[in-house]
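Participant:
Protein chains in written order, with my numbering: chain A, 5 to 327; chain B, 13 to 342.
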């Protein structure tokens, strides 16, 4: 039983830390499937986290914070779109620029508005998300195994957590079962063919980039309104890049993306949990090893076990109508 | 003619500046920034206190990354700022270079010993303050499990952790102390999301008092403890007011006093170099009591902490210094 309890606690932590990864990786999925590489996930998340923290602090409403996060992240996404779709600029350069703008602008605006060294004021009450319990969670808690899983693992998360997981099948459905999805994938593989069919490549890619903005905005809001209470400079701490790695790892498929993010989240949770613990035979594992483990595993798995990850064919190249 | 005139003007300006005020103090903060509500903010408060008392303005700078250290320090030295105080052990490499290049200037570094004739090194006995909050944590814990969240994994932070453990174990030999570090890079000082996650993991393992010595990361720890209705212990500055009712106490490290003293000494022309060790006895470390935590701390806890404090000051109890042998005996 103790083992089960430990496992459940570990998995619960996994779910918490993988939500921003899932949202960001799905965001990247929309964008990259349409042929626009997006290295600026990190920056958009950071911008979203800041907007959410700032607006929630002023209005006292977490949902208005989420809305603001989406607006800011979509605005940044449109900048990326304008540079790389309309102006046919280099998508990597534009993405990196977004990251730099977000990292600098959030701190400067935060300092100018709130005078707390780039932080937003600490949030409380309705200005941040609290966990919700699923129905019957308390009643079922005593049922062995199933009760523990239901009450401690599935129940007691933030609304945004459930939204994030619901977005995985939704994204699959959009991409593989709707006309928009078919066209979006086509535009990432062979934009010429889509254009020949009389569909605007530019407009399709813009829509994909907007989807990307919406999701990164939610991811940012989750960081500043749910996981913590307020924005702190650089709080994304590389999550956008890990999400990008997960996306490649999962070969640009929505359900695999979820599993990849859960794996990364699990390794993160495990490294936190294992610190200072003794393992049989080995003894105490050094902290540094545990913290390096996610990266080591990524390299090993990418190198040998999952085979080649082939990006969308037209990814990274701006579409030119006539040559 | 033109050149003579120009140099004349330049000399005039320089002398005017030199006479206008005797010292031009400067302070440079470490990563985390001056409003981290912790270490750097304590340094900032010391400098502000000096400014309000003497009316002498000071210059300050917040670095954004490690590569700016030497550049920032050299810039201040070149402008003739004197004394220059650096908050944080990470400044030692840059300081060793610059101290030689500007032998006429006085420098002070906090949390590190730099052996140069013009440098004052201020170090604290963090283990003693941590021991006190450890005693209080052991008394306050209902589960018998308490925990520690460190920032970057370095000997200095292990020193906090070891003193804390010592205090807990001396009070309750059966207690369990969990400890975890946020990371191994300077980013670990500024990752409240991970800090909160570590705190949650420790609370899941039964911890109900969490001591955070992690700069900005600690804010996430305090938040997580408050959300779960558990207790946290702050560090460096008085953090009792950040989550009122959920911060048991704070381990005070009087970085503000160190900064203030350095500026004041320079102003009075009595700036002494060498190593300056501040422990409980010297008032360099302590635990925080104020209106925010007076309902959390019972008479029993307070008596135990005061007794431990007296014992340490008398030398009856010697708290082990992790940095002396890189090991923790508790």
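Beta carbons are placed, not taken as given, at the ideal position from N, Cα and C, and that holds for glycine.
Hey, how far is the Cα of residue 92 of chain A from the Cα of residue 114 of chain A?
Facilitator: 32 Å
Participant: Could you compute how far the alpha carbon of residue 323 of chain B sits from the alpha carbon of residue 225 of chain B?
Facilitator: 24 Å
Participant: Could you tell me whether the stretch 195 to 212 of chain B touches the stretch 227 to 240 of chain B, using the rule of 3 or more Cβ pairs below 8 Å?
Facilitator: yes
Participant: Measuring alpha carbon to alpha carbon, tell me which residue in B:46, B:253, B:266, B:213 is nearest residue 308 of chain B.
Facilitator: B:253
Participant: Would you report the Cα separation of residue 149 of chain A and residue 197 of chain A, rounded to the nearest angstrom?
Facilitator: 53 Å
Participant: Residues of chain A with CB closer than 8 Å to the CB of residue 256 of chain B, please, in chain order.
Facilitator: Under the 8 Å cutoff, chain A gives no residues; its nearest Cβ is about 11 Å from residue 256 of chain B.
Participant: May I have a chain-ordered list of the alpha helix (DSSP H) segments no shorter than 4 residues that lie completely inside the stretch 120 to 168 of chain B?
Facilitator: 138 to 152
Participant: Under a CB-based cut-off of 8 Å, is residue 204 of chain B close to chain A?
Facilitator: yes
Participant: Going along chain B in order, which residues have a C-beta closer than 8 Å to the C-beta of residue 237 of chain A?
Facilitator: 45, 202
Participant: Using the beta-carbon of each residue, which ones in chain A are nearer than 7 Å to residue 209 of chain B?
Facilitator: The contacting residues are 17, 20, 21, 276.
Participant: Name the chain B residues that come within less than 8 Å of residue 233 of chain A, Cβ to Cβ?
Facilitator: Within chain B, the residues near residue 233 of chain A are 235.
Participant: Among B:101, B:217, B:180, B:153, which residue has its Cα nearest to the Cα of residue 166 of chain B?
Facilitator: B:101
Participant: Which runs of the alpha helix (DSSP H) fall wholly inside the stretch 290 to 339 of chain B and span at least 4 residues, in chain order?
Facilitator: 311 to 326, 334 to 337
Participant: Would you check if the distance between the CB atom of residue 285 of chain B and the CB atom of residue 130 of chain B is smaller than 8 Å?
Facilitator: By the CB criterion at 8 Å, residue 285 of chain B and residue 130 of chain B fall inside the cutoff.
Participant: I'd like to check one pair, residue 157 of chain B with residue 239 of chain B: are the Cβ atoms closer than 8 Å?
Facilitator: no
Participant: Where does residue 303 of chain A land, buried or exposed, given buried means 16+ other C-beta within 10 angstroms?
Facilitator: Around the beta carbon of residue 303 of chain A, fewer than 16 other beta carbons sit within 10 angstroms, so the residue counts as exposed.
Participant: Are there 16 or more other CB atoms within 10 angstroms of the CB of residue 139 of chain A, so buried, or fewer, so exposed?
Facilitator: exposed
Participant: Roughly how far, in whole angstroms, is the beta-carbon of residue 160 of chain A from the beta-carbon of residue 137 of chain A, given that I think they are within contact range, below 8 Å?
Facilitator: 6 Å
Participant: Are the CB atoms of residue 123 of chain A and residue 235 of chain A within a distance shorter than 8 Å?
Facilitator: yes
Participant: Where does the unbroken alpha helix (DSSP H) through residue 65 of chain B begin, and where does it stop?
Facilitator: 51 to 66
Participant: Measure the Cβ-Cβ separation of residue 70 of chain B and residue 37 of chain B and say whether it is below 8 Å.
Facilitator: yes
Participant: If you compare alpha carbons, which of A:67, A:216, A:128, A:15 is closest to residue 47 of chain A?
Facilitator: A:216
Participant: With respect to the beta strand (DSSP E) encompassing residue 99 of chain B, which residues constitute its N-terminal and C-terminal limits?
Facilitator: 96 to 99
Participant: Compute the beta-carbon to beta-carbon distance between residue 227 of chain A and residue 24 of chain A, rounded to the nearest angstrom, for a pair I have assumed lies under 8 Å.
Facilitator: 6 Å
Participant: What whole-angstrom Cβ distance do residue 223 of chain A and residue 82 of chain A have, given they're in contact under 8 Å?
Facilitator: About 17 Å; that fails the 8 Å criterion.
Participant: By alpha-carbon positions, which one of A:229, A:172, A:322 ends up nearest to residue 260 of chain A?
Facilitator: A:172
Participant: Using the beta-carbon of each residue, which ones in chain A are nearer than 7 Å to residue 359 of chain B?
Facilitator: Residue 359 of chain B lies beyond the stretch modelled for chain B, which goes from 13 to 342, so this question has no answer here.
Participant: Compare the Cα-Cα distances from residue 340 of chain B to each of B:314, B:168, B:119, B:256 and report the closest residue.
Facilitator: B:168
Participant: How is residue 203 of chain A classed by DSSP in three states: helix, strand or coil?
Facilitator: In the structure shown, residue 203 of chain A sits in coil (DSSP, three-state: anything other than H, G, I, E or B).
Participant: What are the residues in the stretch 183 to 203 of chain B lying within 7 Å of chain A by C-beta distance?
Facilitator: 190, 191, 192, 193, 195, 196, 199, 202, 203
Participant: Taking only beta-carbon atoms, is residue 228 of chain B less than 8 Å away from chain A?
Facilitator: yes
Participant: Which stretch, first to last residue, makes up the beta strand (DSSP E) that contains residue 39 of chain B?
Facilitator: 38 to 41
Participant: Quick one: does residue 179 of chain B have its CB under 8 Å from some CB of chain A?
Facilitator: no
Participant: For a test of the three-state rule: what should DSSP assign to residue 194 of chain B, helix, strand or coil?
Facilitator: strand
Participant: Residue 100 of chain A by DSSP, collapsed to three states: which one?
Facilitator: helix
Participant: In the DSSP output, what is residue 188 of chain B paired with across the bridge?
Facilitator: In DSSP, residue 188 of chain B forms a bridge with B:157.
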